[in-house]
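J.:
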Amino acid sequence: NVYRVPPFGRPTHTVYEGIALLLSSDDQCLFVVDCNQRVMAAIAFTDIMNYILNSSDIHHEISAG
Numbered sequence: 168n169v170y171r172v173p174p175f176g177r178p179t180h181t182v183y184e185g186i187a188l189l190l191s192s193d194d195q196c197l198f199v200v201d202c203n204q205r206v207m208a209a210i211a212f213t214d215i216m217n218y219i220l221n222s223s224d225i226h227h228e229i230s231a232g
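This note's numbering puts the first residue of the sequence shown at 168, with every later residue one more than the last.
1. Output the distance between the C-alpha atoms of alanine 187 and threonine 179, rounded to the nearest integer angstrom.
2. Counting C-beta neighbours from all protein chains within 10 Å, is the total for leucine 220 16 or more, i.e. buried, or is it exposed?
3. Helix, strand or coil, according to DSSP, for valine 182 in the structure here?
4. Can you grab the Cα-Cα spacing for the pair alanine 231 / alanine 208, in whole Å?
5. With DSSP as the reference, identify every bridge partner of phenylalanine 175, one or two as the case may be.
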């Protein structure tokens, strides 16, 4: 469906929540939006995986800032 809404996350979502959002869709990118629905960041699936692989603490939250 060309007109479907892409997945989006919030700045407070964890890495694992971001992965779950991406896995539940066919998209390779997660848009992080603020409370006014403005896009703050676009995070690719590979960005999340690199973050996990290079992180010393796997409990970090996705940071859009």
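Here a beta-carbon is modelled for each residue, glycine too, at the ideal position from N, C-alpha and C.
T.: Working from what's here:
1. 14 Å
2. exposed
3. helix
4. For alanine 231, the predicted model reports a pLDDT of 46, less than 50, meaning its position is unreliable; a value from the coordinates is still stated below. So the alpha carbons of these two residues sit roughly 6 Å apart.
5. Phe198
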